[in-house]
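Just below is one structure, and these are the notes that go with it.
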Amino acid sequence: SAPEKNQKRILLKLSGEALMGAESFGIDPSILDRIADEVKQLVEEDVQVGIVIGGGNLFRGEKLAAAGMNRVAGDHMGMLATVMNSLAMQDALERVRVGTRVMSAISLTGVCEDYDRRFALRFMKNKQVVIFTAGTGNPFFTTDTAACLRGIEIDADVILKATKVDGVYSADPKIYPDAVKYDHLTYNEALEKELGIMDLTAFCLARDHKKNIRVFNMQKPGALIKAVLDESEGTLISC
Ligand code: UDP
Numbered sequence: 004s005a006p007e008k009n010q011k012r013i014l015l016k017l018s019g020e021a022l023m024g025a026e027s028f029g030i031d032p033s034i035l036d037r038i039a040d041e042v043k044q045l046v047e048e049d050v051q052v053g054i055v056i057g058g059g060n061l062f063r064g065e066k067l068a069a070a071g072m073n074r075v076a077g078d079h080m081g082m083l084a085t086v087m088n089s090l091a092m093q094d095a096l097e098r099v100r101v102g103t104r105v106m107s108a109i110s111l112t113g114v115c116e117d118y119d120r121r122f123a124l125r126f127m128k129n130k131q132v133v134i135f136t137a138g139t140g141n142p143f144f145t146t147d148t149a150a151c152l153r154g155i156e157i158d159a160d161v162i163l164k165a166t167k168v169d170g171v172y173s174a175d176p177k178i179y180p181d182a183v184k185y186d187h188l189t190y191n192e193a194l195e196k197e198l199g200i201m202d203l204t205a206f207c208l209a210r211d212h213k214k215n216i217r218v219f220n221m222q223k224p225g226a227l228i229k230a231v232l233d234e235s236e237g238t239l240i241s242c
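Here it is in structure tokens:
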């Protein structure tokens, strides 16, 4: 049976763009190293860490389809892009000596392991980071949905959604300087205000399973640690 839970367990969602840094495409290795350092600190604090990484820095099915490609083919490319990002993150984590497993929703023999919830829980309990890759394995979904799905499956205490701003605001703070930041929102408030925190499939999945979401600024050094240990960073979305 699944190991009993006696520690904090998180699901961190990183968008592909979070790995891009100042570049306009691809991966900035210095960003990966900084994220790896912060994740390492969490593991040292006995936090069980699962990660879902997006692929938007490389390919998005929707964008490829808009340029004429078949949507399913584009989504397969998008999911494979998440695998590339995950392998880069695994490499950065292992270079700072954090044991890391990449578990894929699509079989990629010789590259990474297949997703298995029971194994994932066991690895996390043994201080290994698990990167859940290839999204949900299905086209027409997003990695935000994958993050909520895996977060629910592994019974994470919180889904941490990494962004470039300090939390959820009443309007885009980069355009409207007097926008106000929310410390806490209910799922229904977030839906009514149409704050666009995640796509609706992802968001409603989290709501239906009462899975807390915390939106925080991954670009701010130390914010991830505070978000997890002090539960004080960013915006919490819950019941
Ligand atoms: N994708 C998919 N199914 C999934 C997750 C992702 O088809 O379950 C594809 C989709 O084409 C998406 C791309 O992978 O555009 C990259 O994921 P996403 O856009 O969520 O990445 P992010 O915006 O977080 O970088």
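Just so you know, we're using full-length UniProt numbering here: the sequence shown kicks off at 4 and counts up by one.
For glycine and all other residues, C-beta sits at the position ideal for the given N, C-alpha and C.
### Message
Looking only at its chain, what residues have a beta carbon closer than 6 angstroms to the beta carbon of Ala149, apart from the 5 residues adjacent to it on each side?
### Response
Val55, Gly138 and Thr139
### Query
Just checking my contact of Lys11 with Asp211 at CB under 8 angstroms: how many whole Å lie between their CB atoms?
Actually they are not in contact, since the Cβ atoms of Lys11 and Asp211 sit about 23 angstroms apart, beyond 8 angstroms.
### Query
For Gly58, does the three-state DSSP call read helix, strand or coil?
coil
### Task
Classify Asn220 as helix, strand or coil using the three-state DSSP reduction.
strand
### Message
Starting from Ile13, trace the beta strand (DSSP E) in both directions and tell me its first and last residue.
### Response
Arg12 to Leu17
### Proximity of Gly53 and Ile157 at Cβ, strictly below 8 angstroms
yes
### Task
Could you check if Lys66 is buried or exposed, using at least 16 other CB atoms within 10 Å of its CB as the buried criterion?
exposed
### Task
Could you check if Gln242 is buried or exposed, using at least 16 other CB atoms within 10 Å of its CB as the buried criterion?
In the sequence as displayed, the identity of residue 242 is Cys instead of Gln. Cys242 should be labelled exposed.
#### Entry: Distance between Leu188 and Gly19 (C-alpha atoms, nearest Å)
26 angstroms
### Query
Is the beta carbon of Glu20 within less than 7 angstroms of some heavy atom of the ligand UDP?
Yes - the ligand UDP has a heavy atom lying nearer than 7 angstroms to the Cβ of Glu20.
### Message
I'd like to know if the segment 184-201 and the segment 117-135 are in contact, where contact means that at least 3 CB-CB pairs between them fall below 8 angstroms.
### Response
no
#### Entry: Same chain, Cβ closer than 7 angstroms to Gly59, five either side skipped, listed in chain order
Ser18, Gly19 and Glu20
### Query
Taking DSSP as the reference, what is the three-state secondary structure of Glu116?
strand
### Task
Under 8 angstroms by Cβ, that's how I've got Val50 and Val231 pegged, so tell me the actual separation to the nearest angstrom.
6 angstroms
### Task
Assign Tyr118 to buried or exposed, taking buried as 16 or more other Cβ atoms, counted over all protein chains shown, within 10 Å of its Cβ.
buried
### Query
Cβ atoms of Ile155 and Lys214: under 8 angstroms apart, would you say?
yes
#### Entry: Chain-order list of residues whose beta-carbon lies under 8 angstroms from that of Asp186 (same chain, five-residue window excluded)
Answer for Asp186: Gly170, Thr238 and Leu239, listed in chain order.
#### Entry: Through-space distance from Asp181 to Met106, alpha-carbon basis
42 angstroms
### Query
Taking C-alpha atoms, which residue in Leu14, Met201 and Ile228 lies nearest to Tyr190?
Met201
#### Entry: Between the CA atoms of Gly29 and Phe144 - distance to the nearest angstrom
Each residue's Cα considered, the two are about 21 angstroms apart.
### Query
For the ligand PLP, is there a heavy atom less than 7 angstroms away from the beta-carbon of Asn73?
Although the ligand PLP was asked about, the structure shown includes only the ligand UDP as ligands.
### Message
Under 7 angstroms: does the beta carbon of Asp147 sit that close to some heavy atom of the ligand UDP?
### Response
yes
### Task
Inspect the CB distances between the segment 86-96 and the segment 24-39 and report whether three or more fall short of 8 angstroms.
yes
### Query
Just the Cα atoms here: how many angstroms apart are Asp36 and Leu61?
19 angstroms
#### Entry: Cβ-based neighbour list, Thr204, same chain, cut-off 6 angstroms, excluding 5 preceding and 5 following
Thr148
### Task
Return the CA-CA distance between Thr166 and Leu198, expressed in angstroms with no decimal places.
Going by the C-alpha atoms only, they are around 14 angstroms apart.
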